[in-house]
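At the far end of the sequence shown sits residue 353, using the numbering used here, and the numbering has no gaps.
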Amino acid sequence: MFAKYSVALAASATLSIGLSAQPANADTFVHLFEWQWEDVAQECENWLGPKGFKAVQVSPPQEHIQGDAWWTRYQPVSYQLESRSGSSEAFADMVQRCNAAGVDVYADAVINHVAHGKGQGIAGSSYDNEALSYPHYQRDDFHEPCGIEQSDYTQNAESVRQCQLVGLPDLNTSDPTVQSRIAGYLNTLATLGVKGIRVDAAKHMAPSDIAEILAQVDAPLYAFQEVIDLGGEAISATEYQGTADITEFRYGASLGDIFNNQALANLQQFGESPALLPSEQAIVFTDNHDNQRGHGAGGSNILTHRDDQLYRLANMFMLAWPYGYPKVMSSYAFSNSDQGPPQAPVYQQ
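In structure tokens:
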């Protein structure tokens, strides 16, 4: 079942403690990971709106490869708004209903790469990674195929940004034609009423490329960039300052370390480390969809729903402590790290 308790906890803590002002666009938002569009709409109307949440982050809405694993959503085939979460009509309806409930919608935008393999996407679009043939892109739109070695993350920024993340064909996001097509997709989302995006795998694109793409979006669109940086990396999160807000992965790792290994009195100085991004630029979270499954960053220090009371306490602290723009995670129970979402809707018909 979906871990809806985390959403309820967040609202309770927000109402009882009261957050000091964070970024101008903020108080708190929630990630409804792999929820269906109809369920997201009902959650906006029944809970998120009435409880004062600023926004909801939803899973990537574009067409993706077929399969049950959660990560199929992160292998784009086309920019059609057809996905496991529902049809383009259901997506548009969800955005409209959430906006009417006073909740902004942030879409997870997978724009660094396209799908691996060969076949048909969930909406029937054909793709072939060997031929580099996709509905919106052909061979000239990609970087030359090359792999990212683990050592590149600490020694070779160029490879991280121009080679293939886990074998996924890497778009040449420096190319004006590619930038225009990505911006067209983002403009489609904005036209439907989407108010923000999470830039997936931003670390694998140059900050200037992201800035050029965002500059071509016609409507105001809030953006935050996924940049994994725990220190000692060839690419630093600080390089992305000024482009858009940034995910602060050190926050969850440090918070988990205190709750797991230190005296809670150390929370008094939490967030004062010069290693952390400025509060007004940081997206903060105890865990996210990657590292709660053992991927991403943070390792064993990351607190998840499996930690029960410690997880609840950490989320309450995050919502009360005046640092960053807090994101609450609402996921689902899983027995292996690839497992996709339940097929049953959250809101039973």
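Built from N, CA and C at the ideal position, the CB exists for glycine as well.
These figures come from a predicted structure and were not determined experimentally.
To the nearest angstrom, how far is it from the Cα of S293 to the Cα of A301?
Reading the sequence shown from its first residue, position 289 is the one you call residue 293. Reading the sequence shown from its first residue, position 297 is the one you call residue 301. For the sequence presented, residue 293 should be read as His rather than Ser. So the alpha carbons of these two residues sit roughly 11 Å apart.
How would you label S130, buried or exposed, when you count the other beta carbons within 10 angstroms and need 16 or more for buried?
On the sequence shown, position 126 is the one that residue 130 refers to. The residue is exposed, with fewer than 16 neighbouring Cβ atoms inside 10 Å.
Taking the alpha carbon of R310 as the point to measure from, which residue in A337, N319, Y327 and V288 has its own alpha carbon closest?
The count along the sequence shown starts at 1 and reaches residue 310 at position 306. Ranking the options by Cα distance to R310, first place goes to A337.
Short of 8 Å in beta carbon distance, which residues of its chain neighbour D43, apart from the five on each side in sequence? Order them along the chain.
As a first step, residue 43 must be located in the sequence shown, where it is residue number 39. Taken in chain order, the residues that qualify are L36, P349, V350 and Y351.
Decide if E134 is buried, meaning its Cβ has at least 16 other Cβ atoms within 10 Å, or exposed.
The count along the sequence shown starts at 1 and reaches residue 134 at position 130. Exposed is the call here.
Taking the alpha helix (DSSP H) that V114 falls in, what are its first and last residues?
Locating residue 114 in the sequence shown gives position 110, counting from the first residue. Per DSSP, V114 belongs to no alpha helix (DSSP H) and is neither H nor E.
Contact belief for M333 with D291 at Cβ below 8 Å, rounded distance in angstroms:
Translated into the one-based positions of the sequence shown, residue 333 becomes position 329. Translated into the one-based positions of the sequence shown, residue 291 becomes position 287. About 6 Å separates the two Cβ atoms, so the contact holds.
Three-way DSSP call (helix, strand, coil) for H140 in this model:
Position 136 of the sequence shown, counted from the start, is the residue given in the question as residue 140. The answer is coil: DSSP assigns H140 none of H, G, I, E or B.
Q266 by DSSP, collapsed to three states: which one?
As a first step, residue 266 must be located in the sequence shown, where it is residue number 262. Coil, per DSSP.
Whole-angstrom Cβ separation of E230 and A194, contact assumed at under 8 Å?
Working through the sequence shown from its first residue, we reach residue 230 at position 226. Working through the sequence shown from its first residue, we reach residue 194 at position 190. With 8 Å as the limit, E230 and A194 do not qualify as a contact, their Cβ atoms being about 20 Å apart.
Taking the beta carbon of C150 as the centre, do at least 16 other beta carbons fall within 10 Å, making it buried, or is it exposed?
The sequence position of residue 150 within the sequence shown is 146, counting from 1. Flag for C150 reads exposed.
Taking buried to mean at least 16 other C-beta atoms within 10 Å of its own C-beta, is N50 buried or exposed?
Counting from one through the sequence shown, the residue named residue 50 turns up at place 46. When all chains shown are included, N50 counts as exposed.
So, using beta-carbon positions, are I214 and T192 closer together than 8 Å?
Against the sequence shown, residue 214 aligns to sequence position 210. Against the sequence shown, residue 192 aligns to sequence position 188. Not a contact, by the Cβ cut-off of 8 Å.
Hey, would you say I69 sits closer than 8 Å to A113, going by beta carbons?
Position 65 of the sequence shown, counting from 1, holds the residue named residue 69. Position 109 of the sequence shown, counting from 1, holds the residue named residue 113. Taking 8 Å as the Cβ cut-off, I69 and A113 do not qualify as a contacting pair.
Would I239 pass as a contact of A324 if the rule is Cβ separation under 8 Å?
Taking the first residue of the sequence shown as 1, we reach residue 239 at position 235. Taking the first residue of the sequence shown as 1, we reach residue 324 at position 320. For I239 and A324, no; Cβs fall outside 8 Å.
Going by DSSP, what residue range makes up the alpha helix (DSSP H) through A360?
In the structure as shown, the chain begins at 5 and stops at 353. Residue 360 is therefore absent and cannot be evaluated.
Closest residue to V170 among N116, Q142, P64 and P330 (Cα-Cα distance)
Reading the sequence shown from its first residue, position 166 is the one you call residue 170. Cα-wise, what sits closest to V170 is N116.
Just mark S335 as buried or exposed, buried being the case when its beta carbon has 16 or more other beta carbons within 10 Å.
Indexing the sequence shown from 1 puts residue 335 at position 331. Classification for S335: buried.
Who are S87's beta bridge partners in DSSP?
Translated into positions along the sequence shown, residue 87 becomes position 83. Its beta-bridge partners are G90.
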